[in-house]
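Comments concern the structure below.
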Amino acid sequence: MMRLKKYLHVLVNDKVPGNRIEAINSLVKAIESGFKADDEILSSLRTNLSKKKIRT
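Residues in the sequence shown are numbered consecutively from 6, following the working numbering.
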């Protein structure tokens, strides 16, 4: 779970597009391998995304 929070943090806060792409790829792999995000993490992501615009 800590790894997922790290990926989400990079996705929302990192200014380097390559790092964001890597975070997205890692999240996709985690989801494809059967990971199910819990409501707390999804809520946190939703909150962070509503506060910031992600530019790629």
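We put the beta carbon where it would ideally sit given N, CA and C, even for glycine.
- Per DSSP, reduced to three states, the secondary structure at Val21 is coil, with no helix or strand assignment.
- Distance from the Cα of Ala28 is smallest, within the candidate group Ile36, Tyr12 and Val17, for Tyr12.
- In this structure, the CA atom of Arg51 is about 10 Å from the CA atom of Val17.
- Between Ala35 and Leu9, the C-beta spacing is below 8 Å.
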